[in-house]
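Visitor:
Protein chains: 4
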Amino acid sequence: MKSIKPLREKKNTAILLIHCPDRQGILATVTEFLNKNNGNIIYLDQYVDRAQKVFYMRAEWELEGFAIPAAKIGEYFDTLIASKLEMNWRLYFSEDIPRMAIFVSKMSHCLFDILSRYTAGEWDVEIPVIVSNHEDMRPVAERFGIEFHYFPVTTENKEEQEAAELELLKQHKIDFIVLARYMQILSKDFVAHYPNKVINIHHSFLPAFAGAKPYHAAHERGVKLIGATSHYVTSDLDAGPIIEQGVTQCSHVDTVKSLIRKGRDLEKIVLSNAVFKHLQRKVLVYKNRTVVFN
Amino acid sequence: MKSIKPLREKKNTAILLIHCPDRQGILATVTEFLNKNNGNIIYLDQYVDRAQKVFYMRAEWELEGFAIPAAKIGEYFDTLIASKLEMNWRLYFSEDIPRMAIFVSKMSHCLFDILSRYTAGEWDVEIPVIVSNHEDMRPVAERFGIEFHYFPVTTENKEEQEAAELELLKQHKIDFIVLARYMQILSKDFVAHYPNKVINIHHSFLPAFAGAKPYHAAHERGVKLIGATSHYVTSDLDAGPIIEQGVTQCSHVDTVKSLIRKGRDLEKIVLSNAVFKHLQRKVLVYKNRTVVFN
Amino acid sequence: MKSIKPLREKKNTAILLIHCPDRQGILATVTEFLNKNNGNIIYLDQYVDRAQKVFYMRAEWELEGFAIPAAKIGEYFDTLIASKLEMNWRLYFSEDIPRMAIFVSKMSHCLFDILSRYTAGEWDVEIPVIVSNHEDMRPVAERFGIEFHYFPVTTENKEEQEAAELELLKQHKIDFIVLARYMQILSKDFVAHYPNKVINIHHSFLPAFAGAKPYHAAHERGVKLIGATSHYVTSDLDAGPIIEQGVTQCSHVDTVKSLIRKGRDLEKIVLSNAVFKHLQRKVLVYKNRTVVFN
Amino acid sequence: MKSIKPLREKKNTAILLIHCPDRQGILATVTEFLNKNNGNIIYLDQYVDRAQKVFYMRAEWELEGFAIPAAKIGEYFDTLIASKLEMNWRLYFSEDIPRMAIFVSKMSHCLFDILSRYTAGEWDVEIPVIVSNHEDMRPVAERFGIEFHYFPVTTENKEEQEAAELELLKQHKIDFIVLARYMQILSKDFVAHYPNKVINIHHSFLPAFAGAKPYHAAHERGVKLIGATSHYVTSDLDAGPIIEQGVTQCSHVDTVKSLIRKGRDLEKIVLSNAVFKHLQRKVLVYKNRTVVFN
Numbered sequence: 001m002k003s004i005k006p007l008r009e010k011k012n013t014a015i016l017l018i019h020c021p022d023r024q025g026i027l028a029t030v031t032e033f034l035n036k037n038n039g040n041i042i043y044l045d046q047y048v049d050r051a052q053k054v055f056y057m058r059a060e061w062e063l064e065g066f067a068i069p070a071a072k073i074g075e076y077f078d079t080l081i082a083s084k085l086e087m088n089w090r091l092y093f094s095e096d097i098p099r100m101a102i103f104v105s106k107m108s109h110c111l112f113d114i115l116s117r118y119t120a121g122e123w124d125v126e127i128p129v130i131v132s133n134h135e136d137m138r139p140v141a142e143r144f145g146i147e148f149h150y151f152p153v154t155t156e157n158k159e160e161q162e163a164a165e166l167e168l169l170k171q172h173k174i175d176f177i178v179l180a181r182y183m184q185i186l187s188k189d190f191v192a193h194y195p196n197k198v199i200n201i202h203h204s205f206l207p208a209f210a211g212a213k214p215y216h217a218a219h220e221r222g223v224k225l226i227g228a229t230s231h232y233v234t235s236d237l238d239a240g241p242i243i244e245q246g247v248t249q250c251s252h253v254d255t256v257k258s259l260i261r262k263g264r265d266l267e268k269i270v271l272s273n274a275v276f277k278h279l280q281r282k283v284l285v286y287k288n289r290t291v292v293f294n
Numbered sequence: 001m002k003s004i005k006p007l008r009e010k011k012n013t014a015i016l017l018i019h020c021p022d023r024q025g026i027l028a029t030v031t032e033f034l035n036k037n038n039g040n041i042i043y044l045d046q047y048v049d050r051a052q053k054v055f056y057m058r059a060e061w062e063l064e065g066f067a068i069p070a071a072k073i074g075e076y077f078d079t080l081i082a083s084k085l086e087m088n089w090r091l092y093f094s095e096d097i098p099r100m101a102i103f104v105s106k107m108s109h110c111l112f113d114i115l116s117r118y119t120a121g122e123w124d125v126e127i128p129v130i131v132s133n134h135e136d137m138r139p140v141a142e143r144f145g146i147e148f149h150y151f152p153v154t155t156e157n158k159e160e161q162e163a164a165e166l167e168l169l170k171q172h173k174i175d176f177i178v179l180a181r182y183m184q185i186l187s188k189d190f191v192a193h194y195p196n197k198v199i200n201i202h203h204s205f206l207p208a209f210a211g212a213k214p215y216h217a218a219h220e221r222g223v224k225l226i227g228a229t230s231h232y233v234t235s236d237l238d239a240g241p242i243i244e245q246g247v248t249q250c251s252h253v254d255t256v257k258s259l260i261r262k263g264r265d266l267e268k269i270v271l272s273n274a275v276f277k278h279l280q281r282k283v284l285v286y287k288n289r290t291v292v293f294n
Numbered sequence: 001m002k003s004i005k006p007l008r009e010k011k012n013t014a015i016l017l018i019h020c021p022d023r024q025g026i027l028a029t030v031t032e033f034l035n036k037n038n039g040n041i042i043y044l045d046q047y048v049d050r051a052q053k054v055f056y057m058r059a060e061w062e063l064e065g066f067a068i069p070a071a072k073i074g075e076y077f078d079t080l081i082a083s084k085l086e087m088n089w090r091l092y093f094s095e096d097i098p099r100m101a102i103f104v105s106k107m108s109h110c111l112f113d114i115l116s117r118y119t120a121g122e123w124d125v126e127i128p129v130i131v132s133n134h135e136d137m138r139p140v141a142e143r144f145g146i147e148f149h150y151f152p153v154t155t156e157n158k159e160e161q162e163a164a165e166l167e168l169l170k171q172h173k174i175d176f177i178v179l180a181r182y183m184q185i186l187s188k189d190f191v192a193h194y195p196n197k198v199i200n201i202h203h204s205f206l207p208a209f210a211g212a213k214p215y216h217a218a219h220e221r222g223v224k225l226i227g228a229t230s231h232y233v234t235s236d237l238d239a240g241p242i243i244e245q246g247v248t249q250c251s252h253v254d255t256v257k258s259l260i261r262k263g264r265d266l267e268k269i270v271l272s273n274a275v276f277k278h279l280q281r282k283v284l285v286y287k288n289r290t291v292v293f294n
Numbered sequence: 001m002k003s004i005k006p007l008r009e010k011k012n013t014a015i016l017l018i019h020c021p022d023r024q025g026i027l028a029t030v031t032e033f034l035n036k037n038n039g040n041i042i043y044l045d046q047y048v049d050r051a052q053k054v055f056y057m058r059a060e061w062e063l064e065g066f067a068i069p070a071a072k073i074g075e076y077f078d079t080l081i082a083s084k085l086e087m088n089w090r091l092y093f094s095e096d097i098p099r100m101a102i103f104v105s106k107m108s109h110c111l112f113d114i115l116s117r118y119t120a121g122e123w124d125v126e127i128p129v130i131v132s133n134h135e136d137m138r139p140v141a142e143r144f145g146i147e148f149h150y151f152p153v154t155t156e157n158k159e160e161q162e163a164a165e166l167e168l169l170k171q172h173k174i175d176f177i178v179l180a181r182y183m184q185i186l187s188k189d190f191v192a193h194y195p196n197k198v199i200n201i202h203h204s205f206l207p208a209f210a211g212a213k214p215y216h217a218a219h220e221r222g223v224k225l226i227g228a229t230s231h232y233v234t235s236d237l238d239a240g241p242i243i244e245q246g247v248t249q250c251s252h253v254d255t256v257k258s259l260i261r262k263g264r265d266l267e268k269i270v271l272s273n274a275v276f277k278h279l280q281r282k283v284l285v286y287k288n289r290t291v292v293f294n
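Chains as they are written, first to last, in the UniProt record's numbering: chain H, 1 to 294; chain P, 1 to 294; chain V, 1 to 294; chain G, 1 to 294.
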């Protein structure tokens, strides 16, 4: 029952993400390249980190009428520009719909939020598979007609289970993974297969309350705001590049239970915003920080 | 597939909501009444509007061990206290699960958000029926195993269709109605059957941009924040008592389309928060304003 | 006692603000112009309104080493680029400190906030004069060593008083005016002398509660959030281009008095943020809307 | 030049703050006590921590017409009620204006914000003295006509300097101290003289970035929100009971400098809100957490 009514605009564009050492003329060079090849730019944003001397850019232009055939753009751009300017660049096409896998444990709020958007056609994405270390969410997956795979993980079987998961992801040609409150730490090896391609939601305002039971810790500390943080997973627990954060007010009347309740809404919205930014190719990562374009 | 894992605490309590002319001793009188009948109070909140001279109170106590049998509490309270103090009061029991109907049109975001919470057992509520003036949401209703009724409304048939809807609601013993982006104005007569029992979400920061196409109006005006407002429906369009409001930042880069997108998240969270407050019996209405207890 | 400890970086730059009909290559053309004249760009931001087909840009570059002498930049840019691309453009130099006048009535919170920042050297601005229709704020002005002029305004003398005010502003070479809760409507004629150069703070979330006594109206309506809006003054009351808006939570416990109290903090911060954006030359106005760059 | 135009209502009331082990009937007992002595209650709020089984209450009533003379209230209340219910209680009178000392270092934003409110008569407080470990703020103090004392602190002279400060505070009958960005750690001994009576503002969202240079740490971590926290000072650095917290959005475009700039506004508002709550006697502390009444 995919796509009740798509909200996205259909378009046929190329998206270029760049970061490189800053120097004079980069912006002029890139825009010139697009212009003289008749690229109708529909989005351009750039930012220069003056302290680090790094130039960041996102450009999106229509393929229709562009002088260079899609298949050749990367090669041309690399030869003519990127290689000369030591650019770290990626090229995407709006018609290549990213394929996402959801990892979930027992809580349904983030999963439901993502599947609701998916079903409503809110995002340009395919979600062929849901992975879990528990059976609880199987009925939800089935209800939305998505393959559900159960991989119980123990310290003994973790290595082989992750290998099986990776195999499954490979079969499904998964581009990136969303941990929708997946309460199981992924190994360094696993993460290494998806660098800056595993998006997690942590139920605190990082770096506060990293690790387990953040709401209990927040209640114990008597904070007046609780938060949620979505970040790319790295080998360093809860320390990856932050994509999005949100907070909501609380007070002395809140119990741990009510913090958990309030937090769920924060978690699902913050996670979905981060996933949406990632899907739009608007997030660049450099030195454990993100540039998130509008 | 109701209730994956209930989050609510089971309890057996009575809830008393009161408002009346303020005078000395009301609070002492009521708490005294509960105490001397061995009512273990688990929640008490009260507020006095000094300008209007009105006293508001919400008390919740355990029925177990309470000296007065549940069936008699109302009678006793009325005779001994309420009648003497000109109280406007209501008594609820936590074990009476409220029955809610959802009215929806073509947009799924609020509907999905409510059904996700319902399925997760987040709320103490029963949702036996979904009503719509379009067929679009039928598959969603079916997916969640909830009866779906289609009532196309035209200026000609509006009266008979509303009559049929009221009949349906009666059959299902519906206590209150949630308009989850229901794009159809209810008649005064219809609303009169559910006073302060029809909860709407308006996609603007009321009273700004009341009426149709608020996001277009907001974009046209160039606001830097967009909002959503949940309120009880009265015969006066978008002018009923406000339960909850939220806002989110926007800027010159936002198109009407992106405002609509951002607004959806705001709408669903604001509406669900309002419904939750209503379900907890924490909302009192007096002179077109609400008292919303913590 | 100006400038306890300046927080601003000293720099010697030129700032170019542009808006014009969008077409291919504008960005490349402008950046190329700066690059080939050895302009070291330290800030560049641009935005294209695809619906209106308008291109907006702000560029800032170091004058040191720039091939074109400061005095000639405008002329060159106009001849070589602006005139050909139908550009609406303005050129500023960081060393020309803008001169601002404050208009105030009886309330001190916005005035104090602005003078505190001024004294702390937080802003690159000169404030030679304060104008008021009441004497109340004279001691504050004196305390900060700023000229204070009292212009009581009546319907009879309004025209001559405004003429006198304009004369005073002229003497002081005032570039723009900040209405720090100035409770007196400026005439169309007066405003015409400072197009998009009079910044007002309105104590509501416009367009809600435009006009007088917004907090009373907000309380009457029973809103759950109150707001403040800073905008450029036009001949149309409270309807000018919005620069910045903010909101804060309120509830049934708030009286009109407590809303006024909470609102003051909102007003002073929102106004000061708007003034700061204006001072940085980051606000462009087009068709009663603003583009506010980061 | 104190008090341009007082905003506070003059009133003659008594305020009772209580916390004690929860048991049936406390609320009825206290309200009964006030009622039968003709105390016209103008504010009452209470909260029960069900987990800790602690009852908290704040009551305020008019002294005019109250049966017990002000001087006797404490004694009567203690004998008749408090002692029997193991109450931890404090009694205040609205006519006793609290006396506050400000400790500041080199930054003026919090100091100006407090003195602006003081001058505007926004708060019921006296500020007889400002203490600093630097001379920078002397001119500000003089401008507002407040005694300024300079106590340069070194590791060698810290003990004697704090002794001198305590002596000064004693002379001025200081009730509580506000650290308006005072960059100097107070000794355990010093703090012991003012338990839960020293209010600090920390420029981060505690417990994140406790200690020095939080904005540098926040920038390094790449957070998307920065915060400020006002808390009572305890012997444990940045770990005292939190009174108020706030956050504001930031992004990749923010430098450490712009975070510091944005943070200043947050700091001054959060600190002033906390001071105001403290002045209203609405903050209770229990086990390193606060109950902050509305």
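The C-beta atom is built at its ideal place from N, Cα and C for all residues, glycine as well.
Less than 9 Å between CB atoms is the rule here; does residue 80/G satisfy it with respect to chain P?
Guide: Your numbering for residue 80/G matches position 80 in the fourth sequence. Not an interface residue.
Visitor: Verify whether the separation of the beta carbon atoms of residue 252/P and residue 49/V is less than 9 Å.
Guide: The count along the second sequence starts at 1 and reaches residue 252/P at position 252. The count along the third sequence starts at 1 and reaches residue 49/V at position 49. Yes.
Visitor: Which residues in chain P sit within 7 Å of residue 28/G, going by Cβ to Cβ distance?
Guide: Position 28 of the fourth sequence, counted from the start, is the residue given in the question as residue 28/G. Per Cβ cutoff of 7 Å: 28, 31, 32, 35.
Visitor: 9 Å is my cut-off, CB to CB: does residue 1/H come that close to chain P?
Guide: As a position in the first sequence, residue 1/H is number 1, starting the count at 1. Residue placement at residue 1/H is poorly supported in this model, since its pLDDT is 46, which falls under 50; the coordinates are not used for a value here.
Visitor: For residue 288/G, list the residues DSSP reports as bridge partners.
Guide: The residue you call residue 288/G lines up with position 288 of the fourth sequence. DSSP, once it has assigned bridges, lists no residue as partnering residue 288/G.
Visitor: Here's the rule I'm using: 16 or more other beta-carbon atoms within 10 Å means buried, otherwise exposed. How should residue 287/G be labelled?
Guide: If you number the fourth sequence from 1, residue 287/G lands on position 287. Exposed: under 16 other Cβ atoms inside 10 Å.
Visitor: Helix, strand or coil: how does DSSP classify residue 246/H here?
Guide: Along the first sequence, read from residue 1 onward, the residue named residue 246/H stands at position 246. Reduced to three states, the DSSP call for residue 246/H is strand.
Visitor: For residue 253/G, go through chain V and note every residue whose CB falls closer than 7 Å to its CB, in chain order.
Guide: For this step, residue 253/G is matched to residue 253 along the fourth sequence. Result: 294.
Visitor: Rounding to the nearest angstrom, what Cα-Cα distance links residue 278/G and residue 117/V in this structure?
Guide: Translated into positions along the fourth sequence, residue 278/G becomes position 278. Translated into positions along the third sequence, residue 117/V becomes position 117. Looking at the two C-alpha atoms, the distance is approximately 26 Å.
Visitor: Considering only DSSP beta bridges, list what residue 99/H is partnered with.
Guide: Here residue 99/H refers to the residue found at position 99 when the first sequence is read from its first residue. Paired residue(s): 126/H.
Visitor: For residue 267/V, count the other beta carbons within 10 Å of its own beta carbon; 16 or more makes it buried, fewer makes it exposed. Which is it?
Guide: Residue numbering aside, residue 267/V sits at position 267 when the third sequence is read from its first letter. Residue 267/V is buried by the Cβ-count criterion.
Visitor: Taking residue 126/P as the reference, which of 108/P, 169/P, 53/P, 137/P has the closest Cα?
Guide: Mapped onto the second sequence, residue 126/P falls at position 126. Selected option, being the one with the closest Cα: 169/P.
Visitor: According to DSSP, is residue 172/P part of a helix, a strand, or is it coil?
Guide: The count along the second sequence starts at 1 and reaches residue 172/P at position 172. If DSSP states are grouped into helix, strand and coil, residue 172/P belongs with coil.
Visitor: Closest to residue 140/V by CA distance: which of 106/V, 122/V, 154/V, 186/V is it?
Guide: By 1-based counting over the third sequence, the position of residue 140/V is 140. Out of 106/V, 122/V, 154/V, 186/V, 106/V has the C-alpha closest to the C-alpha of residue 140/V.
Visitor: How far does the beta strand (DSSP E) with residue 198/G in it reach, from first residue to last?
Guide: Start at 1 with the first residue of the fourth sequence, and residue 198/G comes out as number 198. Element bounds for residue 198/G: 198 to 202.
Visitor: Using CA coordinates, which residue listed in 63/V, 210/V, 220/V, 37/V is at the minimum distance from residue 236/V?
Guide: Residue numbering aside, residue 236/V sits at position 236 when the third sequence is read from its first letter. Closest option to residue 236/V, Cα to Cα, is 210/V.
Visitor: Considering Cα atoms alone, identify which of 112/V, 95/V, 152/V is closest to residue 102/V.
Guide: Walking along the third sequence from the start, residue 102/V turns up at place 102. The candidate whose alpha carbon is nearest that of residue 102/V is 112/V.
Visitor: What does residue 263/H reach in chain V if we use C-beta pairs closer than 9 Å?
Guide: Taking the first residue of the first sequence as position 1, residue 263/H is located at position 263. Going along chain V, no residue has its Cβ under 9 Å from residue 263/H, so there is no contact; the nearest lies around 18 Å.
Visitor: I'd like the list of long-range same chain contacts for residue 19/G, defined as Cβ closer than 7 Å, with 5 residues on each side in sequence excluded.
Guide: If you number the fourth sequence from 1, residue 19/G lands on position 19. Answer for residue 19/G: 54, 55, 56, 88, 284, 286, listed in chain order.
Visitor: Is residue 225/P close to chain V? Criterion is C-beta to C-beta, closer than 9 Å.
Guide: If you number the second sequence from 1, residue 225/P lands on position 225. Interface residue, yes.
Visitor: Applying the 10 Å Cβ sphere with the 16-neighbour rule, what's the burial state of residue 206/H?
Guide: Reading the first sequence from its first residue, position 206 is the one you call residue 206/H. Buried, by the Cβ-count rule.
Visitor: From which residue to which residue does the beta strand (DSSP E) around residue 55/H run?
Guide: Locating residue 55/H in the first sequence gives position 55, where the first residue counts as 1. Segment 54 to 62, the beta strand (DSSP E) holding residue 55/H.
Visitor: Run down chain H in chain order and give the residues with a C-beta less than 8 Å from the C-beta of residue 240/V.
Guide: By one-based count along the third sequence, residue 240/V stands at place 240. Those do not exist, as residue 240/V stays about 25 Å from chain H at its closest Cβ, beyond 8 Å.
Visitor: For residue 23/H, count the other beta carbons within 10 Å of its own beta carbon; 16 or more makes it buried, fewer makes it exposed. Which is it?
Guide: Looking up residue 23/H in the first sequence gives position 23. Exposed is the call here.
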